[in-house]
Structure formats: C-alpha cells, structure tokens
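What follows is a single structure, written as structure tokens, with notes after it.
Protein chains: 4
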Amino acid sequence: MEYKFGACLPTFASCADRYCLSGYGGGGTTIEEMMGLAATVPDLSGIELVGNWHINDDNIEKVIKLTGEHRLSICMVTVDLWTQAKWGKGSLAAKDPVTRKAAVKEIKKAMDWAASAGCPNIDVWFGQDGYDYHLQADYVKSWEWLVEGLKEAADHRDDVRLLVEYKMKEPRTHCFVSTVGKAILLIEEVGKKNVKVLLDSGHASSALENPAESVALLNGRKEKYLAYVHLNDNFHQWDDDMLVGSVHLPELVEMLFWLKKTGYSGWLTLDIFPYREDGVGAATESISWVKAVLEKIDAIGIKKIEQVLSANDGVESVRFLREFFLGER
Amino acid sequence: MEYKFGACLPTFASCADRYCLSGYGGGGTTIEEMMGLAATVPDLSGIELVGNWHINDDNIEKVIKLTGEHRLSICMVTVDLWTQAKWGKGSLAAKDPVTRKAAVKEIKKAMDWAASAGCPNIDVWFGQDGYDYHLQADYVKSWEWLVEGLKEAADHRDDVRLLVEYKMKEPRTHCFVSTVGKAILLIEEVGKKNVKVLLDSGHASSALENPAESVALLNGRKEKYLAYVHLNDNFHQWDDDMLVGSVHLPELVEMLFWLKKTGYSGWLTLDIFPYREDGVGAATESISWVKAVLEKIDAIGIKKIEQVLSANDGVESVRFLREFFLGER
Amino acid sequence: MEYKFGACLPTFASCADRYCLSGYGGGGTTIEEMMGLAATVPDLSGIELVGNWHINDDNIEKVIKLTGEHRLSICMVTVDLWTQAKWGKGSLAAKDPVTRKAAVKEIKKAMDWAASAGCPNIDVWFGQDGYDYHLQADYVKSWEWLVEGLKEAADHRDDVRLLVEYKMKEPRTHCFVSTVGKAILLIEEVGKKNVKVLLDSGHASSALENPAESVALLNGRKEKYLAYVHLNDNFHQWDDDMLVGSVHLPELVEMLFWLKKTGYSGWLTLDIFPYREDGVGAATESISWVKAVLEKIDAIGIKKIEQVLSANDGVESVRFLREFFLGER
Amino acid sequence: MEYKFGACLPTFASCADRYCLSGYGGGGTTIEEMMGLAATVPDLSGIELVGNWHINDDNIEKVIKLTGEHRLSICMVTVDLWTQAKWGKGSLAAKDPVTRKAAVKEIKKAMDWAASAGCPNIDVWFGQDGYDYHLQADYVKSWEWLVEGLKEAADHRDDVRLLVEYKMKEPRTHCFVSTVGKAILLIEEVGKKNVKVLLDSGHASSALENPAESVALLNGRKEKYLAYVHLNDNFHQWDDDMLVGSVHLPELVEMLFWLKKTGYSGWLTLDIFPYREDGVGAATESISWVKAVLEKIDAIGIKKIEQVLSANDGVESVRFLREFFLGER
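These protein sequences, in sequence, are chains L, G, F and S.
So the first sequence is numbered by this note's numbering: it starts at 1 and just counts up by one.
So the second sequence is numbered by this note's numbering: it starts at 1001 and just counts up by one.
So the third sequence is numbered by this note's numbering: it starts at 2001 and just counts up by one.
So the fourth sequence is numbered by this note's numbering: it starts at 3001 and just counts up by one.
In structure tokens, the structure reads:
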C-alpha cells in the first residue's frame, strides 16, 4: 500500500460546536487518553497535533515518547493560528503588525517542534484570515501580508514544509485563500520550495470543487504542489467533517483514482469531527471505506479507468460506477 | 417487482438549453421516432407525454394506438403550463384572470386526454408560477389563486388525479410551491381526494431536502399523499436532471428504502435530460441502477435496514453503506 | 411604532465557535454585565433568556428584578434543549424515551419561569432533533414524537405560548423542522391554540426561502401562525447570524413590508452573533437599520408599495428599490 | 465618467430557456430591430455581438454601418463556441482534435471581425469545456488543450485581446475554468500579452466569490489582468442574469469601489437576461443603478471609504452602508 493513514488527534476527543461548547461527550480528555484511543484504530499510523494545544515546549519530549510507545508517528504539526481570541481578526494577514509578527513566530515554533519530532509537515491553516462583512477588508494588502509572512516563515528552515490548507469559509464568512486556484497562485507568488498545498477533500467540495479535479490541477501539471491530503465528507454546503463514505461515493472514487493517476503518495489523513459518534469507530470505518475503494481501484487497474474517462460519455461513467458498487449484471 | 418504470418522452429527443436552443442532437424528432426509441429500453413500460406538444385533440387516437403497438402505456399526461410565452408570468397563479382561466381549461383538457388514454395521472407542474424579483408578487393572492384553480380543475372529473409537482426554482428564481412542506399544505387546503403529490427526487434534493425524508413525510403519516415518483440526480445546486446513480448513492438507497417501507407502489419514472448522452443508453442505465439497488434492498430485507436506523449511530449507517456497496470485509 | 425591539442576551457576551471555544472576547461574563450592556442600546426594550443558562429556579427572582431595574422586559424564554451533551442526539424527538420525557419537562419548567416573569413566549427550538447521516433516523417516528411532545407541553398551561422555530441545518446536518412549510404542518398537526411559529429571517433565508414570502404564508392565510420574529442576516449558505442590513437589503425591505401588510405587530428581536464585533454597537446598528427601513416604508405607504407588486414587473421592482435606497433621479 | 456602458445584444431580443424554447417574447427579432432598441437606452454606447449569430463574413459591413448609424460602438465580439451542437462536448478542450482545431479557427475569425470593426476585445467563453459526470473527463489533458488553443489563437494577431470569461457551471455541471483563481492560473500559463480576464459579476458571485475581492485579485497585484467587466445580479445559486441592483446591494457598492480603487477603466457591460421584462427598460434601469452608486461613491470619495475598510470592523461597515443607502440619522 503506497499510502499511510493518519488522523487528527481531536477525532479522539469530545467534539464541540457553538451550541454545545463543552462537547458532545465521549473520547479522551488528556493527550494520553486520545493517543491511546488512536492506537487502537487498525491501519492508523500517523497523528496530527495542534501546536500549543497538543504539543509545546513543555511537553514535547513526553509527546514524542508517547507517540513512539503507541507505534504512531507525528505526521503533521498544525500551527495554532485560530484557537485563541487574539487571532480572531486574522493571523498572517491581520491588520495589526504585532499580530502578523506573532503569527510568523508561531509558525517558526511549530516548525522547530516538528523538526524535533521528525515530522516534515506543518499545516498552515490561517482560517481566521478573511472577513465577515462587505467593506471590511483591504484585499490587496491582506494578500501581500500572506505572501510576506509565508516567505519569512519558509526561510526559517528548509527541512520542514509549510502546507497551505485552503478553505472557503468558516470561521470567517469569507476566508482569503478559499479555492484551489487561489492556493496555487499564493504559493507561486511565495515561490519557496518548502511551501506546498494541503488538499482537504471537504474544503474542496464545500467550495463547490470536484476534489478529483483539484487533485489534477495540483498534481497533474509540470510543478507538483500537492503534498498532503485530508479526507472527510459533507453535504457540499458546509465543512461538516463527516465520515468518509457517508455522502459522496462517486466523488470519492474519482478523487482516489486521480491521486493514484497523478502519482500522489504519502499521507491520507482523516480530518473528521465525530460530534455524536465514537471516535475510534468513526476513524476505523473511514479508513475501511478508503481501503476498500483503493483496493477495488487496484483490482480494476488505472488503465481500465482511463478508458472510461476516455469515452467521455456520461452513460459509460455511470455504468462503470454501477459495476464498481453493485457488480456486473 | 412492485414498481413499474416510466420515462418522460423528451428523454428520447434532442435536449436543448438556453445556449444551444436547437438541442445537442441525437434522439428522435417525431413522436413516432421517440416512442420507437423508448420501446427499446429494457423494463420500460410507461411513457409521460406533454399536453399539446405530444398529445392533443388532433393526434390522440394515433398516439394511443402508437403507444399500444410499442407495448408501452401512457403513465402520465403533463399539462402544458410552461412551454409557451403566454405562461411566462404564471399560469394558475397568473395575475391576469384570463390566463388563470386558460390554465384551468388546459388542465381539464389534459384530464380528458388522459382519461381517453386510460391514464389516471396528470402532472400539474406550474413551474412558471413564482417570481424572479423581490417586490414583484403578491404571495397571498398567488397562493389563493393556486388553491382556487386546483379546486376547480379537480372537480372536472374524479377518475383522473392531479399530481402537484413541487420545485424550488427554475424557470423562475423562486417558484411558489417549492418544498415538500408547502406542497402538502397546498393540497390540504385544496382538500380534494384526487389531488396528490408527485415527488421528483431531484427537485427535492436541489431544495436541500433529503428525498427519503420527504417520502416519509408524504407517505408515512396518517394521510398518504405520495402518488407518483420522478427519479434523477444532480449536484444539489440545480435541477441538473442527470442519470440516476451518478452522484448521490446513499441518498438513492435511503429513498428507495423509504418508498418500500412506507408502502409506495406504482411508477418510478425517469425525468432525466441526457443533453449530451444517448437517450436510450441513459434510460437503460438509470433503470439498471434503480433495479440493482432495489434488488439489494430486497436481499437484505427491510427489517435489517430498520435495525440500522434504530441504532441511530452514524458509524453504523456508514458501515452499512460500505457493506451495501463494497461487500463485507 | 408598532414594534418592540428585543435582543438575545448572548449578543452581549463573548461569542464562540468550534475553533475558538473560549469566545472571541468582549462582552460581559455575568448576567449582570450582559444586562447592563443591553440596557445601553437605544430602543431596545426586551431581552431573550435561555433557560438554565440565564434563568433558573435559583436566580429567577434576581433576574426579574434585574431586568426591571434596567427597564427591560423578558420578551422570550428559550428552552434549553441544545446546550448540553445529553441533547446531542435529540430532545423532543430523541430515540430514548427518557430523554424525550426530560425535554417535555424542560419546556414545562421554562413555561413556569416565563409565566413568573410575565413573559408569554417560549422559544422551542429543538435544534438537536434531526440527523447527520443517511439511514440514521426514523423520520416517521421522529415526527410523531415531536407532535406528542409539543401536545403534552402545550397542555401544561395556556397562558404561555410555545413558538416553534424552524431551521434547516446546524447543529445537525439536517434538522427535522427545516422549512416554513414543515413548521406549519407540524403545528397544524399539534393543533393547540398556544403553539405558534417563530420566524428567524436568517433561518428562512439559509433554507433558500425568501423571508417575505414565508411571512405571507405564516401570516396571510386564514389562520395566522406568526407570533414572533428573529432578525439577522447571512450569505444564504449558513446561519451566519450577522448584523441586520449587512448583505440582503431588498430582502429586508420586502420582509418588513410584508410584516406590516399582514398585520404583524410585536417583537422584532435580534438574534445576531457578533463574534468579532462589539455587541452594543452591533445591536444598536442593527436596530438603526430596521428603524430606518420601517420609517421609509411608512413614509412611502403600504398602498404605494402594493402598486409596485401589482405591476408584476421586475423593472418596476428594481426601480422602486433604487428610489428607495438612492433617491429619485 | 471614466466608464462606458455596454450591453449584450440579446438583451433586446426574446430570451428563452429550456422550457420555453421560443422565448418569452418581446424584443426584436432582426439585428436591425435589436440595435434600434439598444440605441434608445440612455448612456448606452457599446454593444456586444456574438460571432456567426450577429456578425459574420456576410453581414459585417452592414453591421458596422448599422452600429455607427446608431452612434453605438462594438465593444466586444463573442466567439461562438457554444451555440451549436458541435460544441456540446467542448470546444478548445474537446477530446476530438478536429473540434479543437475548429474552435481555434473560430476564435481567429472572431478576431478578424473584431479588428475590422475597430473592436479590440474578444470574449472567449468556452462554456462547453467542462464535464457533467464524475469520471467523464481527463482534467490534465483538458487543461493542456485550453492552454495550447489559447496560445495559438493569441498569436494570430496582437491588436485584439482574448478575454477569458470564467464561470463555475452551466451549460456543464462543471466548467473547467470556474473561478478567478483558475482563470489567472490559466492566463499565466498561456503567457501572452493579449490574453486577459473578463470578470462577470454574476459568474463570480454564483461561484461563491465576493466580486470585489475578485476585482482586487485580478487588478490589485503587480500584473493587472482585469480587462473587461460584465454586470448583472443573481441569488448566488445560479447565473440568473438579473438586473443590476436587484438583490445584492452592498456587494455592488463594494465591487464598484474596488474597480475605482484599483484603477479599472473601460467597459461596464450588462450581461442580463430579461426573460419576462422589457429589454430597454431592464438595461436602462440597470445602468441607472450603476450610475447612481458610482456617483455616490464619487461624492463620498475613495479615501473616506478606505477609512471604513481600515477600521476592519463589521459594525463600521454596516453603518457606512446604512448611511450610503438611507442617509445619516
């Protein structure tokens, strides 16, 4: 299997929303408990940690040791640019220069933690960088600040990659880096070798993208920008962070096919929010779905599926899907 | 099999949109050709005809004969309340009383044609009854006109049923009878035994309804209002009228399950627009999808699926779907 | 002025979301502080309190006194059916009968508190009653449970009204009572005089309803069901709970016009979430917007606007809006 | 006034949709009639013509003369890559190389017509280049074909600009060049000086973009790509092509502000579909809206509005909008 499966650590905690701030219950409360639960998920080998929250100067040794004991690796350190009120009006693109400086510093810290933990990946999701109201933001300056901040952070060290994760909305009504096209534009303007893109399938689809097509744009042109993948599902209106395999099945098949076709290898990490579900069950089932689809794709073969594409005919495509999911008749 | 499969006749014609008004080609041009193509689709036994366009005073004898020769039945006559400029600002709820009167008359004509053809169903889709702009319509009067018109038409004869087909938008930016809730309200206010609801799965889903839940509301309460079903698929943003099985598979499984569970029997009719596809292939493939899902539901059994519902647990639901589509592992 | 302006108390607290659970800061932390802030908003005369959270057996005397001291009235008590993990899988329509019983009891408690406080309104927003996944819920039973629970609660006392607030999604991906049509169906099935509908403009518009049309359906037919109004704005994709006047201006004008035209009087209450804004400023500005539009409507006159509707012409409607907002030219 | 107002010629014809293929009536049927109607719209000075349909080898002399007689100029020639069945499965990115070649040829013809007519702008809207179904298209090859075709066409002559018009969907369920980000990526890859971007405000907003932000991205960075603007409005779900000023007013103010702020000058062309409205009235009213907003922006001054942005506070933004639309209070 050319892919490794990861999960965000909060999968194994109690997930909250704005109505039930204490969380819907279940899951662990300490990092030890969460990690212990993660370790019980078959085929799971990596875990994503959020800076400050899960990993910090005080606990880093302990966390590295703990991860090793559970035969897990840290596949990603996510910079904390969104869990505190101070980032509320932006981080890298905040109007306040002190905040922008603090954001860059936070990225650098995360890079150092990641390097210490042998993890080459930083998730730079600047979800608070955006706006809520019309006539509230200077789009040109904001974009320049994003570019500047990423450049400076990228220069901090070249053994860790900064992965820009785009998302259309939430927590702002409009996030600046909202689509695959803008994500590519941004990193091309940044122009650093260690700045790449993280594709979250649910962010893509709730931006009305077909994730497979976004994979092709990121990974099928001369420059390959796709460095990491988040998986989840939703109803295409919002980032519901549901289990993989719950809503959009042809979309999933097509996306996994294009990951293979364009030579993506590496992490397939669950970014799900099992608010009312058992975290271990939710992760296990999601991975089972992905594995089952990947195995079926392998059994059929890339060539055969390319022929379906090549027919360029909706009837052929739907027939292929029926045979894929319900067998030949 | 407790269901019969139908199709709208234009499936077998050249489908047009506002850009390519002459149609994307393929299909038949005469009713004879379209019917001939329909007759080649396995398991298809019914055909929907649009009043004036396909069936009218001049050709009704010929059309009935033609249908019989092809071993098809006319499962529905659709009233022409939308193909001509005169309906542009509404039919049953037009501000102009002359137009409203003409609309009622048109329904009565369609009822007579249907009765002559042994067809008990009239599709009353008043798609032009709505509005495009804010402050353009009197919602209260419009609703009253809809009720009045339907009452009068329903009284014309009781051997034919008027089936209200709801849709959120298109051709207007807002259609008056837009959701399952409003459709039920409307027919309850009309209060005639021969006025029921037609559920178009794609209209439901592009109104952000989960079609299965709409089936339950229509057919699972004391009064059963569901009298007919249109099937197709879309991307939940618009009434794309795509092949069944192309986008939303769990949605399809759940809807067909609820049709069975609530005791719906009768027509499952394709309302697809194969703009760039072969009509016969598109219809054949869509029916194959529906049959394959129905057979699998039967093999599993309603009881077993009710247990999944009863678990009330997302993980169980997604696991069931995986086993349904990819087998036990 | 025939309307009174209210606000939900959390407008004056620190608003949180799933990323920044401690809230974006600003606002008060105690009920005294929040009430004190509310009292500084010009034209604000009512305040909504959430049961348990703001008002409960222990503090009710104090809260009533406090409200009076600030020359505010309690315009609504909202039942707590959503802030605790125990409601996560539903309240009135939970599968677990113990939870359903507890939900009814909670409504009764809220009714008693409201009666003690001289408040005739209970907001029954059962936002957790819904589902997230396909094949996770029994829609028929759930609906019956909602009807049963509301009936029992309504019988508790007839001097307080239960106001059903519909919403399409959030916190579930699908809430059962999602649209204006379903809300009316529900209360008609409940059939109690003291069960009415609360229209939240943002819930309507994020369900793709035009709020003006929903007002007409609720308040323009024989039976008048509209008993209370929540105001806010959003981008029609999600319940963003933004300031009134921020995004959809013609929608606002049309809705306020229809409230007047159908004879609604009573509360216009802000249900806004000023995550990153000053609560007092946000409430003040929202009320200023509503007042300015209402005054302009009064200056023009209902008759004149009815003529615009009567023209049934998009050009006339858009011209009217231009003159409304930018003056005659 | 730094802007010139244009309109697409079909504004003055009978607009059709897939239900009423003969059009909803009104408007002219010949180019003479349409042009005559256009000439009566105050402030309208330019007209867009579609190749083959309105302008071709046979009538070009006549059309140029006619335009002059009406004191109009041809502000744009739109290539016909979408009105005929032969483009149904794509034009520049069609799988069939013969079709791709024909598409390039069609662009070159349009360039020659434009040059003859003294028009420097070609609208390259390859709306049929996309896909409807999952697993129907090779996204990598399609993108390469787009790049190749545009390169070849651009080299045909450098006195005419090719303006790429992006759109998310319709007529395909997914168009390849769907967002502002992808449009910029595409023309950067093409790398020709005479290939720029056309921003259609309704295409942007129905792709969930805020058009003002898209203007900033296109025209506020080092390389300026914005060369032409289409104006219309919609409900953000579909390209409704409604009158300007009908739905999203703050969006309109912000967009026009950003056009000014980033130094855009040139055409503001209406791309509206007045299906059921009088075309002359619809165009007149739309231009009146734009002029009224522009004049108010000028009266207030760019500096003052920049201060609102600079406050970076939703309350300030909404207060500004209230004063803009309803005056100081």
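Note that CB positions come from ideal geometry on N, CA and C, so glycine has one too.
query, result
"By alpha-carbon positions, which one of K1167/G, S1206/G, V1308/G and E1251/G ends up nearest to H1236/G?", "S1206/G"
"Give the residues from the stretch 243 to 271 of chain L that approach chain G closer than 9 Å (Cβ to any Cβ), ordered along the chain.", "L243, V244, G245, S246, V247, H248, L249, P250 and E251"
"What span of residues does the alpha helix (DSSP H) with L2135/F cover, start to end?", "Premise fails: L2135/F is in no alpha helix (DSSP H) and is neither H nor E."
"For G2245/F, I'd like the list of residues in its chain whose CB is within less than 6 Å of its CB, leaving aside the five on either flank, ordered along the chain.", "W2289"
"I need the boundaries of the beta strand (DSSP E) containing T1078/G, first residue and last residue.", "S1073 to T1078"
"In the structure shown, what three-state DSSP assignment does M1168/G receive?", "coil"
"Over what stretch of residues does the beta strand (DSSP E) that includes H1230/G continue unbroken?", "L1226 to L1231"
"Do you know offhand how far G1027/G's Cα is from M1035/G's?", "10 Å"
"Determine the direct distance from the alpha carbon of G3046/S to that of V3308/S, and round the result to whole angstroms.", "34 Å"
"What in chain L is Cβ-close to S2286/F, meaning under 8 Å?", "Ordered by position in chain L, no residue passes the 8 Å Cβ test against S2286/F, which lies about 12 Å from the chain."
"Distance, Cα to Cα, Q3136/S vs I302/L?", "14 Å"
"Report all residues from its chain with a CB closer than 8 Å to the CB of L3217/S; omit the five preceding and five following residues, and keep chain order.", "V3180, G3181 and I3184"
"Relative to the C-alpha of G3127/S, which candidate in H3070/S, I3305/S and W3082/S has its C-alpha closest?", "W3082/S"
"How should N1388/G be labelled, buried or exposed, when 16 other C-beta atoms within 10 angstroms of its C-beta is the threshold for buried?", "In the structure as shown, chain G starts at 1001 and stops at 1329, and residue 1388/G therefore has no counterpart that could be examined."
"Cβ closer than 9 Å: which chain L residues qualify as neighbours of F1325/G?", "G245, L249, A292, F324, F325 and L326"
"Which residues in the same chain have their Cβ closer than 6 Å to the Cβ of M2001/F, if we skip the five residues on either side of it in sequence?", "The predicted position of M2001/F is uncertain, since its pLDDT is 49 and thus under 50; no value can be drawn from it."
"For F2320/F, go through chain G and note every residue whose CB falls closer than 9 Å to its CB, in chain order.", "L1135"
"Would you check if the stretch 255 to 267 of chain L and the stretch 61 to 70 of chain L touch, i.e. whether three or more CB-CB distances between them fall below 8 Å?", "no"
"Using a Cβ distance threshold of 8 Å, determine whether the stretch 278 to 285 of chain L contacts the stretch 310 to 328 of chain L, with at least three qualifying pairs required.", "no"
"With respect to the alpha helix (DSSP H) encompassing W3113/S, which residues constitute its N-terminal and C-terminal limits?", "P3097 to S3116"
"Starting from D3017/S, find everything on chain F with Cβ-Cβ shorter than 9 Å and list it in chain order.", "Within chain F, no residue comes near D3017/S; the closest Cβ sits about 15 Å away, beyond 9 Å."
"So Y264/L and N219/L are supposed to be a Cβ contact under 8 Å. How far apart are they, rounded?", "6 Å"
"Hey, L1199/G and V1229/G are a contact pair by Cβ (cut 8 Å); roughly how many whole angstroms apart?", "5 Å"
"What do you get for V2089/F, buried or exposed, if any count of 16 or more other CB atoms within 10 angstroms of its CB means buried?", "It is Lys, not Val, that sits at residue 2089/F in the sequence shown. When all chains shown are included, K2089/F counts as buried."
"How would you list, in chain order, the residues of chain L whose beta-carbon sits under 8 Å from the beta-carbon of A1007/G?", "The premise fails here: A1007/G is roughly 14 Å from chain L at the closest Cβ pair, so nothing lies under 8 Å."
"I'd like to confirm the pairing. Which residues does DSSP put opposite C1008/G in its beta bridges?", "E1048/G"
"Measuring only between beta-carbons, confirm whether G1314/G sits less than 7 Å from chain S.", "no"
"Grab me the residues of L2146/F's own chain with a C-beta within less than 8 Å of its C-beta, minus the 5 sequence neighbours each way, in chain order.", "L2092, A2093, F2126, D2129, F2176, V2177 and L2186"
"Let's see if you can read the secondary structure: which residues bound the alpha helix (DSSP H) around K3261/S?", "L3249 to K3261"
"Under a Cβ-count criterion, where at least 16 other Cβ atoms within 10 Å of its own Cβ denotes burial, should A2299/F be classed as buried or exposed?", "exposed"
"Compare the C-beta of G88/L against all C-beta atoms of chain F and say whether one is closer than 7 Å.", "yes"
"Below 7 Å between beta carbons: does that hold for L163/L and N232/L?", "no"
"Give the residues of chain L in contact with G1130/G, contact being defined as C-beta atoms less than 9 Å apart.", "The premise fails here: G1130/G is roughly 23 Å from chain L at the closest Cβ pair, so nothing lies under 9 Å."
"Name the chain F residues that come within less than 7 Å of D3278/S, Cβ to Cβ?", "V2315"
"Under 9 Å Cβ-Cβ, which residues of chain G neighbour A282/L?", "G1314, V1315 and V1318"
"Is DSSP giving M3001/S helix, strand or coil here?", "For M3001/S, the pLDDT reaches just 49, beneath the cut-off of 50, and the residue's location in the model is therefore unreliable, although a value from the coordinates is still provided. The answer is coil: DSSP assigns M3001/S none of H, G, I, E or B."
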